[in-house]
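> Chains as they are written, first to last, in my numbering: chain Y, 1 to 221; chain G, 1001 to 1221; chain X, 2001 to 2221; chain E, 3001 to 3221; chain U, 4001 to 4221; chain L, 5001 to 5221.
There are 6 protein chains.
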Amino acid sequence: MAERIVVINPNCNEQVTAGMSAALEGFRFADGPAIDCRTLAEGPPGIESQILSDQVIGPLCRMIAAEDKAASAFVIACFSDPGLHSARESTDRPVVGIAEAGITTAMNLGQNVGIVSILANSLPRHVRYFRAMGVAHCIAGDLPIDMTVSELADDGKVFRRMSEVGGRLRDENGADVLVMGCAGFSRHRAGLEEALGLPVVDPTQAAVGMALTILRSRSRR
Amino acid sequence: MAERIVVINPNCNEQVTAGMSAALEGFRFADGPAIDCRTLAEGPPGIESQILSDQVIGPLCRMIAAEDKAASAFVIACFSDPGLHSARESTDRPVVGIAEAGITTAMNLGQNVGIVSILANSLPRHVRYFRAMGVAHCIAGDLPIDMTVSELADDGKVFRRMSEVGGRLRDENGADVLVMGCAGFSRHRAGLEEALGLPVVDPTQAAVGMALTILRSRSRR
Amino acid sequence: MAERIVVINPNCNEQVTAGMSAALEGFRFADGPAIDCRTLAEGPPGIESQILSDQVIGPLCRMIAAEDKAASAFVIACFSDPGLHSARESTDRPVVGIAEAGITTAMNLGQNVGIVSILANSLPRHVRYFRAMGVAHCIAGDLPIDMTVSELADDGKVFRRMSEVGGRLRDENGADVLVMGCAGFSRHRAGLEEALGLPVVDPTQAAVGMALTILRSRSRR
Amino acid sequence: MAERIVVINPNCNEQVTAGMSAALEGFRFADGPAIDCRTLAEGPPGIESQILSDQVIGPLCRMIAAEDKAASAFVIACFSDPGLHSARESTDRPVVGIAEAGITTAMNLGQNVGIVSILANSLPRHVRYFRAMGVAHCIAGDLPIDMTVSELADDGKVFRRMSEVGGRLRDENGADVLVMGCAGFSRHRAGLEEALGLPVVDPTQAAVGMALTILRSRSRR
Amino acid sequence: MAERIVVINPNCNEQVTAGMSAALEGFRFADGPAIDCRTLAEGPPGIESQILSDQVIGPLCRMIAAEDKAASAFVIACFSDPGLHSARESTDRPVVGIAEAGITTAMNLGQNVGIVSILANSLPRHVRYFRAMGVAHCIAGDLPIDMTVSELADDGKVFRRMSEVGGRLRDENGADVLVMGCAGFSRHRAGLEEALGLPVVDPTQAAVGMALTILRSRSRR
Amino acid sequence: MAERIVVINPNCNEQVTAGMSAALEGFRFADGPAIDCRTLAEGPPGIESQILSDQVIGPLCRMIAAEDKAASAFVIACFSDPGLHSARESTDRPVVGIAEAGITTAMNLGQNVGIVSILANSLPRHVRYFRAMGVAHCIAGDLPIDMTVSELADDGKVFRRMSEVGGRLRDENGADVLVMGCAGFSRHRAGLEEALGLPVVDPTQAAVGMALTILRSRSRR
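1. What are the residues that DSSP puts in a beta bridge with P2144(X)?
2. Suppose the cutoff is 8 Å on Cβ atoms and the five residues either side in sequence are ignored; what does the same chain contact list for D2202(X) look like?
3. Name, going along the chain, the residues of the stretch 5156-5169 of chain L whose beta-carbon falls closer than 9 Å to a beta-carbon of chain U.
4. According to DSSP, is I5139(L) helix, strand or coil?
5. Along chain U, in chain order, which residues have C-beta atoms closer than 8 Å to that of D2176(X)?
6. For the putative contact between A54(Y) and S2086(X), defined by C-beta atoms under 8 Å, what is the C-beta separation to the nearest angstrom?
7. By Cβ distance below 7 Å, which residues in the same chain neighbour R4(Y) in space, the five residues on each side in sequence not counted?
8. Going by DSSP in three states, R4004(U) sits in which element: helix, strand or coil?
9. Count the other C-beta atoms from every protein chain shown that fall within 10 angstroms of the C-beta of V1135(G), then say buried if there are 16 or more, exposed otherwise.
10. Buried or exposed: V2149(X), going by 16 or more other Cβ atoms within 10 Å of its Cβ?
11. Kindly indicate the opening and closing residues of the beta strand (DSSP E) around D2036(X).
12. Per DSSP, what kind of secondary structure is I76(Y) in: helix, strand or coil?
13. Mapping the DSSP letters down to three states, classify N2011(X) as helix, strand or coil.
14. Hey, is N112(Y)'s beta-carbon within less than 8 Å of any beta-carbon in chain L?
15. For V5095(L), report the span of its beta strand (DSSP E) as first-last.
16. Please list the partners that R3128(E) has in chain L, where partner means a Cβ-to-Cβ separation under 7 Å.
17. Using a Cβ-Cβ cutoff of less than 7 Å, which residues in the same chain neighbour A3106(E) once the five nearest sequence positions on both sides are dropped?
18. Is V5127(L) a contact residue of the ligand ZN, with contact defined as CB to any heavy atom under 7 Å?
19. Please determine, among G1141(G), A1132(G), A1140(G), the residue with the shortest C-alpha to C-alpha distance to H137(Y).
20. Across the stretch 3088-3096 of chain E and the stretch 3144-3160 of chain E, are there enough close Cβ pairs to call them in contact, namely three or more that are closer than 8 Å?
21. List the whole-angstrom C-beta distance separating I98(Y) from A30(Y), where the pair is believed to meet the contact cut-off of C-beta under 8 Å.
22. Does chain Y have any CB closer than 8 Å to the CB of Q2055(X)?
23. Looking at the structure shown, is L2192(X) part of a helix, part of a strand, or coil, going by DSSP?
24. With DSSP run on the structure shown, which of helix, strand or coil describes L4123(U)?
25. Looking at the C-beta of A3120(E), does it have a partner C-beta in chain U at a distance below 8 Å?
26. Let me see if you follow: with CB-CB separation under 8 Å, is A2066(X) close to chain Y or not?
27. Going by C-alpha distance, which of M147(Y), A183(Y), L192(Y) is nearest L169(Y)?
28. Residues in the same chain with beta-carbon distance under 7 Å from L3052(E), minus the five sequence neighbours each way, listed in chain order, please.
29. Answer with buried or exposed for R5221(L), where buried requires no fewer than 16 other C-beta atoms within 10 angstroms of its C-beta.
30. G4058(U) to L4040(U), Cα distance in whole Å?
31. Since L5212(L) is in the beta strand (DSSP E), which residue starts that stretch and which ends it?
32. Check the Cβ-Cβ distances between A5132(L) and every residue of chain G, and say whether any is below 8 Å.
33. Using the rule of at least 16 other Cβ atoms within 10 Å of the residue's Cβ for burial, across every protein chain shown, is A3175(E) buried or exposed?
34. Closer than 7 Å by C-beta to R5088(L): which residues in its own chain qualify, once you throw out the five before and the five after it? Chain order, please.
35. Suppose the cutoff is 7 Å on Cβ atoms and the five residues either side in sequence are ignored; what does the same chain contact list for I3214(E) look like?
36. Can you give me the C-alpha to C-alpha distance between L2196(X) and L5060(L), rounded to a whole angstrom?
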């Protein structure tokens, strides 16, 4: 079987899935794994609470089981890494979470990681997870852009808010690398990096890179 | 210019360089970056002390400067990550260290990272570095196989000692993922993983994967 | 409405529920809250993996919603604290998890908390959670009795294994207080405390005490 | 002997003792332990320094010895937990400190604990203690209301200052639960909780709840 | 006034005081501060519990007040650093504790500090203090020689037990520097260092050196 | 041989060397070690990057080797502690770094250490080192005065900037002790201490005191 990395967007927003697929173009090699972005139909429009994060675990694991034979590795493309450890128990394939991969990748680019999040009410959920990963003390700050779903459609405004928040993380919190705390921000990575003069990690790219690394470390050509 | 990842073995052992190049075969894609393993002629036969680690920084940075125009990214392939931050100041290309990349990659595969090292006298140097990276509390243990250079030629013995030490890390220290603490162990990765039933990370593979991730995250095809 | 603490056993083992109800007798006061132990019919016989832990979240939150009007507080009586934060979003009543309450209570009885668990494969799940709680560095050790479900029926053997493991936590890991890492061990608390000469915390008792504290801190007689 | 929890206010301010006794009304059950609040006559008017905190240890331990036969558990009701470990050596009864119990209880209500203290010069003493407890990294901030003793008589002003400081802990430090860092603030708990929209812990209530939990975990009705 | 460092042995054992005075000979310079070792007459024969540690605070602070005009700096020469922060509030002179100075000095000699203590029951007291100092994670281990007072008179036996325990700290716990956890061990420092091949810190020497440093940093000749 | 502490200024600025020598006057005793301040001729004018810090290691270790027979101890007088561990491998004499000694000394004077640095771009280098030392969580903040080399000649301006930055560390970051993050600030220590009302540590003084302590702990008069 040819290698294939299945990237699951656990919210039902097809536009987000399309955006991440575009951002992953650089990871598609002629003789490399296929990179397939899938939308979890049962997912909510956005994962903005612990309840929504926990609710997608079931359908997510079912999708993983259904894809298992046709997949080499899985990426869970939501910054809450919903169901990451259940998924790892569900399959022998590697499963990578974008928050875990995004932050550990950022630790190769700077000492103090700043997180640009969407909503303030996600912060306690994030802090639990950063602690669980064992990296909380490397997080310089986690600041939300605090925009509603309707506002998120306004690309210019999203970018301005991300720049403001990223600038605060850099200037007040001492961040020297940023991670975008959402799978739906991919298109702003390059612009933000340029505007702020700091490396900016798109966690979905980081996770696909991590999956590729794990797969290719095992290959014996 | 076509992309090219330059992997520098900062010791002068050509066999080690050849071994890592073979282990990186899976990361060479038809339309991906060239992966070029280079030996630092000025390096010592092995980097077994802080002095030797610090002494290679100068020649390493000169090699990086010399290669800079013809490289897209650099990997420093010694588990002490000698000169990593000097190198980062020497070039605008990404520079990845194998210890940093190996351990952060392992954090995507388990909760408690065990390190299989060569020499006991490297342990205090390692612990300073694990602390500097901010991951010391995720390290379940760092145990040496304690073999002399001449003994290292005996592949069977090396593998037996790595298995013993890895088994202790798993059973007594609770490690659920291992990192091989040397760039020269690549050929034992798969065997060790099978023998111990734990994921085993070859840090050179992890670092090249990390360099690839950073490069391709920036690409706009 | 009279106060009522609903203790949910998220596995379907009625004997475990009966055992914890007996252990909670001391928390039932003439003019205090009713303490009602409920079995989650949809739960598995035991929660021995992340998958099982995540699978009960849905039915658990539905039970909480169903009981909400007739409850003053909830206790989730499984040492993995499954769905704790989803549950907290599901209701305005306080929700207490037995691992969180058991360990924080133990921190009032000693400096180094030892955990007596059932299965070795739960340890990575536990360590993620201890880190998420921010108390990992206060945990002296987490050792399993490693007994199968059928062996768990043999009370004498369970007690002997708990004593052995607790003795190792005390003598080799320096634990000065123990937490029993399972809601089904209540009947061994007093015996273990006497045998080992260390305070032993039954986390279900600790959690009900915590729920009572939260409720009564708000009361205005 | 009927159960009896002796709560010792180690300063000599009878009004503070009366205030905490009123706040404990909800913990007095018809068939539960008596809860007896006692003033340490030898104590200073307030415990505002390490010297004063250390000076009360002797008389406090003497009071504990004198009460020992007639007590089931002790609570030391000063946020410096003066003499907590000496007291634990002085008696076989459980001894609970209000800072230890208040903070560990708060860890069941949120991820980032904010402390509302009285005086700025107590902060270094607090930080030593939060570190000793092993919870310093869960403390979002510790801010003083900085009011003199005479100003503390002005209830309205105290509440306004507590609200301001609590609001800063919530908005600037990310606290999602507050602990009042003084045994004399009980009467403001409910108002503060309502004003700020965060759970607020009165540490004396938390400590009595903890003592009750420890006692009733041992009971065999 | 000529400079004078007052070293207070807070136990009443004159032999211990004489031993530390002898060990401080190297710190007495022709034109340097006098170094005066004093025995606290009110102290117990040994400080082997939190109660005894807390009980000496009063007399210790009184001795400091009495000596204040005739002293330039104070050293509290007991490894529990009893009353260190009360003493600091009692005088404007610098006050140094031997545990704090011993461990921070050891951090200049190695990465992993091993502690050779007398009694097992001191370990929880020590761990609270190491945490309060913020250095707990640099402590490789704290092992007691577990000898009774009468056995401590047997110098040969004390040395053998210290060597055994120090060897375990080195070989099993990875300590690369040791601190002797008692002011009464000075005479064994050099022998232990030679026997074990590790730097060994006598904390009383470290504390007097620290006091000298603080004094002379302020001097303007 | 008479004792002699060799203090090496690894930058080539003779004025800095002269300034530190003056600040060390208080550590020169009639019958104590000579304290000899040496300028590393090969050093750069200032050590303002990781590259410059790493580049001095070679010449520094050569100077240590050249001086070895005529020295009792070495101090590396640059706040980056360049080559500290290489130097320790290069000689059997004790080698002390001013950052390590300055910060561990400050931990004897307060709970929260503030660092007054020169340049913002040194902060990531510092944070790696504070983590490596295991003291990062005791650092209240590290703020730069951000002055160019030419501005540094203006003593009044330097002092004003240090006072401003030190005041922010005290008032906003809660620092209760400061360390001057440069070997060239000695002359401002006393003034800063007076202006801010906090103890201020000159790390070069602290390091010479540490060297003296280590030497004299070994002496047997």
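All residues carry an ideal CB built from backbone N, CA and C; glycine is no exception. Quick caveat: nothing in here was measured; it's all calculated off a predicted structure.
Taking the structure as given:
1. Sequence index remark: in the third sequence, residue 2144(X) carries index 144 (1-based). In DSSP, P2144(X) forms a bridge with S2117(X).
2. Residue numbering aside, residue 2202(X) sits at position 202 when the third sequence is read from its first letter. Closer than 8 Å at Cβ, skipping near neighbours: A2023, G2102, M2180, F2185, S2186, R2189.
3. none
4. For the purposes of this step, residue 5139(L) is taken as residue 139 along the sixth sequence, with counting starting at 1. Note: I5139(L) maps to strand in three-state DSSP.
5. Translated into positions along the third sequence, residue 2176(X) becomes position 176. Ordered by position in chain U, the residues that pass the 8 Å Cβ test against D2176(X) are P4124.
6. Working through the first sequence from its first residue, we reach residue 54(Y) at position 54. Working through the third sequence from its first residue, we reach residue 2086(X) at position 86. Reading off the sequence shown, one finds Asp at residue 54(Y), where the question assumed Ala. Right, their Cβ atoms sit about 5 Å apart.
7. By 1-based counting over the first sequence, the position of residue 4(Y) is 4. Excluding positions up to five away in sequence, the list reads P33, A34, D36, A70, A71, S72.
8. Within the fifth sequence, the letter at position 4 stands for residue 4004(U). Correct three-state label for R4004(U): strand.
9. Sequence index remark: in the second sequence, residue 1135(G) carries index 135 (1-based). With 16 or more Cβ atoms within 10 Å of its Cβ, V1135(G) is classed as buried.
10. Taking the first residue of the third sequence as 1, we reach residue 2149(X) at position 149. The residue in question, V2149(X), is exposed, as its Cβ has fewer than 16 Cβ neighbours within 10 Å.
11. As a working note, residue 2036(X) is residue 36 in the third sequence. Start and end: 2034-2039.
12. As a position in the first sequence, residue 76(Y) is number 76, starting the count at 1. DSSP places I76(Y) in strand when its eight states are reduced to three.
13. Within the third sequence, the letter at position 11 stands for residue 2011(X). Three-state result, N2011(X): coil.
14. Here residue 112(Y) refers to the residue found at position 112 of the first sequence. Output row for N112(Y): interface = yes.
15. On the sixth sequence, residue 5095(L) is found 95 positions in, with the first residue counted as 1. Per DSSP, V5095(L) belongs to the beta strand (DSSP E) from 5095-5097.
16. For the purposes of this step, residue 3128(E) is taken as residue 128 along the fourth sequence, with counting starting at 1. Here the neighbours are Q5111.
17. Here residue 3106(E) is taken as the residue at index 106 of the fourth sequence, counted from 1. Only V3113, V3177, V3179, V3201 meet the Cβ criterion.
18. This structure does not include the ligand ZN; it has no bound ligands of any sort.
19. As a first step, residue 137(Y) is located in the first sequence; it is residue number 137 there, counting from the start. It is A1132(G) whose Cα lies nearest to the Cα of H137(Y).
20. no
21. Position 98 of the first sequence holds residue 98(Y). Position 30 of the first sequence holds residue 30(Y). That pair is no contact at about 25 Å.
22. In the third sequence, counting from the first residue as 1, residue 2055(X) sits at position 55. Answer yes: the Cβ-Cβ gap between Q2055(X) and chain Y drops below 8 Å somewhere.
23. For the purposes of this step, residue 2192(X) is taken as residue 192 along the third sequence, with counting starting at 1. L2192(X): helix per DSSP, three-state reduction.
24. Against the fifth sequence, residue 4123(U) aligns to sequence position 123. Of the three classes helix, strand and coil, the one that applies to L4123(U) here is helix, per DSSP.
25. Residue 3120(E) sits at position 120 when you count from the first residue of the fourth sequence. Output row for A3120(E): interface = no.
26. By 1-based counting over the third sequence, the position of residue 2066(X) is 66. It does not; no Cβ of chain Y falls within 8 Å.
27. Against the first sequence, residue 169(Y) aligns to sequence position 169. Closest option to L169(Y), Cα to Cα, is L192(Y).
28. Taking the fourth sequence and counting its residues from 1, the one referred to as residue 3052(E) is at position 52. The residues are P3044.
29. Within the sixth sequence, residue 5221(L) is the residue found at index 221, counting from 1. The predicted model places R5221(L) with a pLDDT of 47, which falls under 50 and marks its position as unreliable, so this point remains unresolved.
30. Residue numbering aside, residue 4058(U) sits at position 58 when the fifth sequence is read from its first letter. Residue numbering aside, residue 4040(U) sits at position 40 when the fifth sequence is read from its first letter. About 11 Å.
31. The sequence position of residue 5212(L) within the sixth sequence is 212, counting from 1. Looking at the DSSP string, L5212(L) is not in any beta strand (DSSP E); the run it does join, the alpha helix (DSSP H), is 5203-5218.
32. Locating residue 5132(L) in the sixth sequence gives position 132, where the first residue counts as 1. Yes, A5132(L) lies at the interface with chain G (some Cβ there is under 8 Å from its Cβ).
33. Counted from its first residue, the fourth sequence places residue 3175(E) at position 175. Buried, since its Cβ has 16 or more Cβ neighbours within 10 Å.
34. Residue mapping note: residue 5088(L) aligns to position 88 of the sixth sequence, counting from 1. Excluding positions up to five away in sequence, the list reads V5095.
35. Within the fourth sequence, the letter at position 214 stands for residue 3214(E). Cβ within range, chain order: A3073, P3094.
36. What you label residue 2196(X) is simply residue 196 of the third sequence in a count that begins at 1. What you label residue 5060(L) is simply residue 60 of the sixth sequence in a count that begins at 1. So the alpha carbons of these two residues sit roughly 57 Å apart.
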